[in-house]
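Peer 1: So the protein lines, in turn, are chains A and B.
Take 2 as the starting number for the first sequence in this note's numbering and just add one per residue.
Take 22 as the starting number for the second sequence in this note's numbering and just add one per residue.
Every residue gets a Cβ at the ideal spot worked out from N, C-alpha and C, and that includes glycine.
If you scroll down you'll find the structure; I have some questions about it.
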Amino acid sequence: MALLDVIDLVVEFPTRRGILRALDEVSFSIEAGEILGVVGESGAGKSLTGAAIIGLLEPPGRVARGQIVFDGKRIDRLSQADMRPIRGRQIGAIFQDPLTTLDPLMSVGNQLVETMQTHLKLTDREARARAVQWLEEVGIPAAAERVNAYPHQFSGGMRQRVVIALALCAEPRLVIADEPTTALDVSIQAQIITLLKRLTASHGKSVMLVTHDMGVIAETADRVAVMYAGRIAEIGPVADVVRHPHHPYTEGLMGSIPSLDARVERLQQIDGAMPRIGAVPNGCAFNPRCKYVMPRCLTERPLLLKAGDSLAACLRVEEGSR
Amino acid sequence: MTAVFEAREVSRHFDVSRPFLQRILAGEGRRLLRAVDEVSFAIAPGATLSLVGESGCGKSTIARLAVGLYTPSAGEIRFEGQPISTARAQPALRRKMNMIFQDPYASLNPRWRVADIVAEPLKAFKLATGRAEIADRVAQLLTQVGLSARDGEKYPHEFSGGQRQRISIARALSSEPEFLVCDEPTSALDVSVQAQILNLMRDLQQKNGLTYLFISHNLAVVRHMSDQLGVMYLGRIVEQGPAESIFRTPRHPYTRLLLDAIPDISAIGRARIPVGGEVPSPINPPSGCTFHPRCALANDRCRAEKPMVTAVEGVDVMCHAVAEGRV
Numbered sequence: 002m003a004l005l006d007v008i009d010l011v012v013e014f015p016t017r018r019g020i021l022r023a024l025d026e027v028s029f030s031i032e033a034g035e036i037l038g039v040v041g042e043s044g045a046g047k048s049l050t051g052a053a054i055i056g057l058l059e060p061p062g063r064v065a066r067g068q069i070v071f072d073g074k075r076i077d078r079l080s081q082a083d084m085r086p087i088r089g090r091q092i093g094a095i096f097q098d099p100l101t102t103l104d105p106l107m108s109v110g111n112q113l114v115e116t117m118q119t120h121l122k123l124t125d126r127e128a129r130a131r132a133v134q135w136l137e138e139v140g141i142p143a144a145a146e147r148v149n150a151y152p153h154q155f156s157g158g159m160r161q162r163v164v165i166a167l168a169l170c171a172e173p174r175l176v177i178a179d180e181p182t183t184a185l186d187v188s189i190q191a192q193i194i195t196l197l198k199r200l201t202a203s204h205g206k207s208v209m210l211v212t213h214d215m216g217v218i219a220e221t222a223d224r225v226a227v228m229y230a231g232r233i234a235e236i237g238p239v240a241d242v243v244r245h246p247h248h249p250y251t252e253g254l255m256g257s258i259p260s261l262d263a264r265v266e267r268l269q270q271i272d273g274a275m276p277r278i279g280a281v282p283n284g285c286a287f288n289p290r291c292k293y294v295m296p297r298c299l300t301e302r303p304l305l306l307k308a309g310d311s312l313a314a315c316l317r318v319e320e321g322s323r
Numbered sequence: 022m023t024a025v026f027e028a029r030e031v032s033r034h035f036d037v038s039r040p041f042l043q044r045i046l047a048g049e050g051r052r053l054l055r056a057v058d059e060v061s062f063a064i065a066p067g068a069t070l071s072l073v074g075e076s077g078c079g080k081s082t083i084a085r086l087a088v089g090l091y092t093p094s095a096g097e098i099r100f101e102g103q104p105i106s107t108a109r110a111q112p113a114l115r116r117k118m119n120m121i122f123q124d125p126y127a128s129l130n131p132r133w134r135v136a137d138i139v140a141e142p143l144k145a146f147k148l149a150t151g152r153a154e155i156a157d158r159v160a161q162l163l164t165q166v167g168l169s170a171r172d173g174e175k176y177p178h179e180f181s182g183g184q185r186q187r188i189s190i191a192r193a194l195s196s197e198p199e200f201l202v203c204d205e206p207t208s209a210l211d212v213s214v215q216a217q218i219l220n221l222m223r224d225l226q227q228k229n230g231l232t233y234l235f236i237s238h239n240l241a242v243v244r245h246m247s248d249q250l251g252v253m254y255l256g257r258i259v260e261q262g263p264a265e266s267i268f269r270t271p272r273h274p275y276t277r278l279l280l281d282a283i284p285d286i287s288a289i290g291r292a293r294i295p296v297g298g299e300v301p302s303p304i305n306p307p308s309g310c311t312f313h314p315r316c317a318l319a320n321d322r323c324r325a326e327k328p329m330v331t332a333v334e335g336v337d338v339m340c341h342a343v344a345e346g347r348v
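Following this line, the structure appears as structure tokens:
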């Protein structure tokens with residue numbers, strides 16, 4: 002059984018002009034020890050999926066339908082008080098901007114100690130020792146002295162290391178990493194990805210890695226979910242999705258990424274832009290931009306169906322025309 | 022072939038000293054940030070020269086120097102053979118250079134209609150007169166960048182990020198420039214939109230014979246766009262030459278680091294050994310070769326002596342190890 006099952010999740014935002022559906026029947030699962038990448042353009046709903054799982058949807062956003070099942074238990078209907086022991090202890094989170102994640106008025110050591118003592122039964126001395134261990138493990142030089150330093154005394158890359166230590170220190174089983182390297186320079190990004198991969202492998206964690214950077218996913222994830230306009234367009238093993246995309250959006254996305262390996266005369270481009278929530282067309286959400294569009298696409302919403310080793314939501318897959 | 026644009030040993034320093042009294046009380050001297058340090062390059066007509074590097078390497082400062090928004094602290098910038106200050110003083114030359122900025126949300130006036138934004142350079146340089154002529158030209162420019170002529174009636178907030186960047190490009194093109202400075206023009210955009218803008222920029226270059234100074238931190242985008250490439254580290258261009266040859270055989274250790282560090286979709290499940298360390302502060306750069314604290318090839322000479330440029334097969338490399346044949 003999977004560690005996390007998200008089943009037909011619908012997230013809605015009631016507004017004065019009606020209900021906006023930001024996530025529309027999103028289903029996927031994450032196995033124990035697996036890294037699932039979630040990729041998509043801004044506004045596709047990838048961060049929202051992560052927020053829904055850890056119960057941090059900004060009001061008035063709400064889970065309208067569907068289930069989130071973690072380790073066999075539904076967690077989408079829990080009260081804040083019941084969610085608190087799960088968030089941090091069972092499901093950890095890493096966000097994009099390390100400076101806003103950390104408390105500027107507390108030394109990084111105290112932040113680690115506070116997190117661990119909230120979730121684990123540790124004496125002050127034990128927690129302190131473990132905080133230093135964690136800082137060493139995430140590669141902070143002179144951890145024993147730096148444990149008393151404040152976030153502003155660290156560089157961006159070092160801060161993100163502290164955030165990773167904070168997310169992992171209560172030994173959660175699932176980590177939701179939302180754009181963990183986007184704010185960092187490439188050489189630092191490489192360090193952080195390697196660190197995240199190594200630590201989650203050695204501690205046996207599952208990771209949901211949310212990013213817009215397909216390169217990061219290709220290198221890090223086992224499987225990838227491609228999101229478009231609040232829905233999953235395609236989900237499957239990374240190699241399969243990158244090399245043999247089944248959904249026309251995935252195909253366009255892969256062709257539009259300039260590669261380091263070879264220079265092409267023209268990048269493939271998908272004309273138009275992703276629809277805003279509230280203005281998603283009927284049928285397949287991608288139909289206005291799709292070069293293979295058929296009359297059925299305008300009325301019928303495609304289901305996620307098996308295509309090769311992946312699942313793709315495209316009527317052409319259903320008709321077996323590929 | 023004469024270069025459209027040339028920078029000769031250009032430096033730009035910023036004074037980041039504390040106020041006079043505090044400096045006296047603390048007993049410290051002036052502090053200079055060397056954002057750009059003796060940088061030289063030239064761009065041939067119709068070509069694209071790209072500068073890549075991480076944040077703080079000075080690439081945006083060069084963009085601003087190039088269009089005259091900053092004056093160089095030392096060295097000389099020439100546009101069409103004339104010093105930049107002389108060129109900027111002549112409207113006929115000044116209109117030949119323009120700039121596209123990174124953030125299309127900040128670079129368009131939210132209270133102006135798109136038609137007015139695009140028409141402003143036309144009016145400023147008197148390239149079109151009379152309402153009808155200006156409207157015609159604006160419509161033509163908007164169509165050229167893939168928008169509709171009627172979009173001129175709208176305000177910037179009615180457009181998506183990609184469309185706004187198209188508006189910025191239309192505005193930049195309206196002065197009929199020959200030289201465009203593009204400072205991270207696609208960094209704020211999603212990949213599928215980025216592809217649209219990059220394709221548009223290349224089409225326009227071919228059609229109008231534009232020369233680009235293209236600034237980006239994304240090596241894959243740079244590879245797609247450039248003829249010439251300069252890799253910057255802490256205010257210096259450490260490797261410079263034909264883009265294809267640098268991508269084929271990167272020589273400077275920093276260029277290699279950058280190329281290795283980039284996650285690429287062709288490298289599925291790659292395991293890597295990342296280089297440690299971070300970019301040092303440009304206020305207090307390391308001695309000698311500024312890259313030595315992160316370089317595996319560094320020796321005593323690298324720590325003490327600033328490397329000079331060595332030409333290897335048409336590529337200029339600033340590295341002792343390359344010069345001594347230790348690579």
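So, A:G38 versus A:I218, is the Cβ gap smaller than 8 Å?
Peer 2: Going by C-beta atoms, A:G38 is nearer than 8 Å to A:I218.
Peer 1: Starting from B:C323 and walking both ways along the beta strand (DSSP E), at which residues does that stretch end?
Peer 2: Taken as a continuous stretch (DSSP letters only), B:C323 belongs to no beta strand (DSSP E), being part of the alpha helix (DSSP H) at D321 to A325.
Peer 1: Can you list, in chain order, the residues of its chain with a C-beta nearer than 7 Å to that of A:E252? Leave out the 5 residues immediately preceding and following it.
Peer 2: Counting only Cβ-Cβ distances below 7 Å, and skipping sequence neighbours, we find P246.
Peer 1: List, in chain order, every chain B residue whose beta-carbon is nearer than 7 Å to that of A:E301.
Peer 2: Those within 7 Å of A:E301 in chain B number zero; the least Cβ separation is about 24 Å.
Peer 1: Between A:R267 and chain B, is there a C-beta pair that is closer than 8 Å?
Peer 2: Yes - at least one Cβ of chain B is within 8 Å of the one on A:R267.
Peer 1: Please list the partners that A:G158 has in chain B, where partner means a Cβ-to-Cβ separation under 8 Å.
Peer 2: Result: E299.
Peer 1: For B:P284, return the contacting residues in chain A, with the cut-off set at a CB-CB distance below 9 Å.
Peer 2: T182, V187, Q190, A191, I194, D214, M215, G216, V217, I218, A219, E220 and T221, listed in chain order.
Peer 1: Check whether the stretch 22-40 of chain A and the stretch 216-230 of chain A touch, using three or more Cβ-Cβ pairs below 8 Å as the test.
Peer 2: Result yes; three or more Cβ-Cβ pairs closer than 8 Å.
Peer 1: Spell out whether any CB of chain A is found under 8 Å from the CB atom of B:M222.
Peer 2: No, no contact with chain A.
Peer 1: Classify B:A95 as buried or exposed, calling it buried when 16 or more other Cβ atoms lie within 10 Å of its own Cβ.
Peer 2: So B:A95 counts as exposed.
Peer 1: Exposed or buried, B:Y254, counting other C-beta atoms within 10 Å across all chains shown (16 or more means buried)?
Peer 2: Buried is the call here.
Peer 1: From the DSSP secondary-structure annotation, give me the bridge partner or partners of A:T16.
Peer 2: Answer by DSSP bridge pairing, in chain order: A:G19.
Peer 1: Can you list the residues of chain A that B:V135 reaches, using a CB-CB cut of under 8 Å?
Peer 2: Result: empty, since nearest Cβ-Cβ is about 17 Å, beyond 8 Å.
Peer 1: By the DSSP assignment, the beta strand (DSSP E) with B:I64 in it spans what residues?
Peer 2: From DSSP, the beta strand (DSSP E) with B:I64 extends over L53 to I64.
Peer 1: Quick one: is B:S81 buried, meaning 16 or more other Cβ sit within 10 Å of its Cβ, or exposed?
Peer 2: Under this definition B:S81 is a buried residue.
Peer 1: Pull up the CB-CB distance for B:L201 and B:L231, whole angstroms please, since I reckon it's below 8 Å.
Peer 2: Contact flag correct, Cβ pair sits at about 6 Å.
Peer 1: So with Cβ pairs under 8 Å, would you call B:R291 a contact of chain A?
Peer 2: So, interface residue.
Peer 1: Is it right to say B:N119 is buried, meaning 16 or more other beta carbons lie within 10 angstroms of its own, or is it exposed?
Peer 2: Buried is the call here.
Peer 1: Can you tell which of B:P142, B:S32, B:G298 and B:S61 has its C-alpha closest to the C-alpha of B:L53?
Peer 2: Selected option, being the one with the closest Cα: B:S32.
Peer 1: Considering only their Cβ atoms, is the gap separating A:R302 from A:G321 smaller than 8 Å?
Peer 2: Contact: no.
Peer 1: Mapping the DSSP letters down to three states, classify B:F268 as helix, strand or coil.
Peer 2: Helix.
Peer 1: What does B:D124 touch in chain A if you count any residue whose Cβ is under 8 Å from its own?
Peer 2: Result: empty, since nearest Cβ-Cβ is about 14 Å, beyond 8 Å.
Peer 1: Three or more beta-carbon pairs under 8 Å between the stretch 181-190 of chain B and the stretch 207-222 of chain B, yes or no?
Peer 2: Output reads yes: the stretch 207-222 of chain B touches the stretch 181-190 of chain B.
Peer 1: Who are the neighbours of B:R277 on chain A, taking C-beta pairs under 8 Å?
Peer 2: Within chain A, no residue comes near B:R277; the closest Cβ sits about 11 Å away, beyond 8 Å.
Peer 1: Near A:R323, which residues of its chain fall below 7 Å by C-beta distance, leaving aside the five closest residues on each side in sequence?
Peer 2: In this prediction, A:R323 has a pLDDT of 46, which is less than 50 and means its spatial position is unreliable; what the coordinates show is noted afterwards. Counting only Cβ-Cβ distances below 7 Å, and skipping sequence neighbours, we find H247 and R317.
Peer 1: Can you confirm whether B:R6, when its beta carbon is compared against all beta carbons of chain A, has any partner nearer than 8 Å?
Peer 2: No answer is possible for residue 6 of chain B: it lies beyond the span of chain B, which begins at 22 and ends at 348.
Peer 1: With DSSP run on the structure shown, which of helix, strand or coil describes B:L255?
Peer 2: Correct three-state label for B:L255: coil.
Peer 1: Using a C-beta to C-beta distance shorter than 8 Å, which residues of chain A count as neighbours of B:H238?
Peer 2: Ordered by position in chain A, the residues that pass the 8 Å Cβ test against B:H238 are D186 and V187.
Peer 1: Please list the terminal residues of the continuous alpha helix (DSSP H) segment that includes A:E252.
Peer 2: Taken as a continuous stretch (DSSP letters only), the alpha helix (DSSP H) holding A:E252 covers P249 to S257.
Peer 1: Are the Cβ atoms of B:L129 and B:I138 separated by less than 8 Å?
Peer 2: For B:L129 and B:I138, yes; Cβs fall inside 8 Å.
Peer 1: May I ask which residues mark the beginning and end of the alpha helix (DSSP H) holding B:D224?
Peer 2: First-last of the alpha helix (DSSP H) with B:D224: V212 to N229.
Peer 1: What residue range does the alpha helix (DSSP H) around B:K80 cover?
Peer 2: Residues K80 to A87.
Peer 1: Any beta-carbon of chain E closer than 8 Å to the one on A:R162?
Peer 2: The structure shown has no chain E; the protein chains it does contain are A and B.
Peer 1: Counting contacts by CB-CB distance shorter than 8 Å, is A:L136 in contact with chain B?
Peer 2: For A:L136, the answer is no, since every Cβ of chain B falls outside 8 Å of its Cβ.
Peer 1: DSSP beta-bridge partners for B:L201?
Peer 2: DSSP lists B:N119 and B:Y233 as partners of B:L201.
Peer 1: Helix, strand or coil for A:R323, going by three-state DSSP, please let me know.
Peer 2: Note that A:R323 has pLDDT 46, beneath the 50 cutoff, so the model's placement of it is unreliable and the number below is only indicative. The answer is coil: DSSP assigns A:R323 none of H, G, I, E or B.
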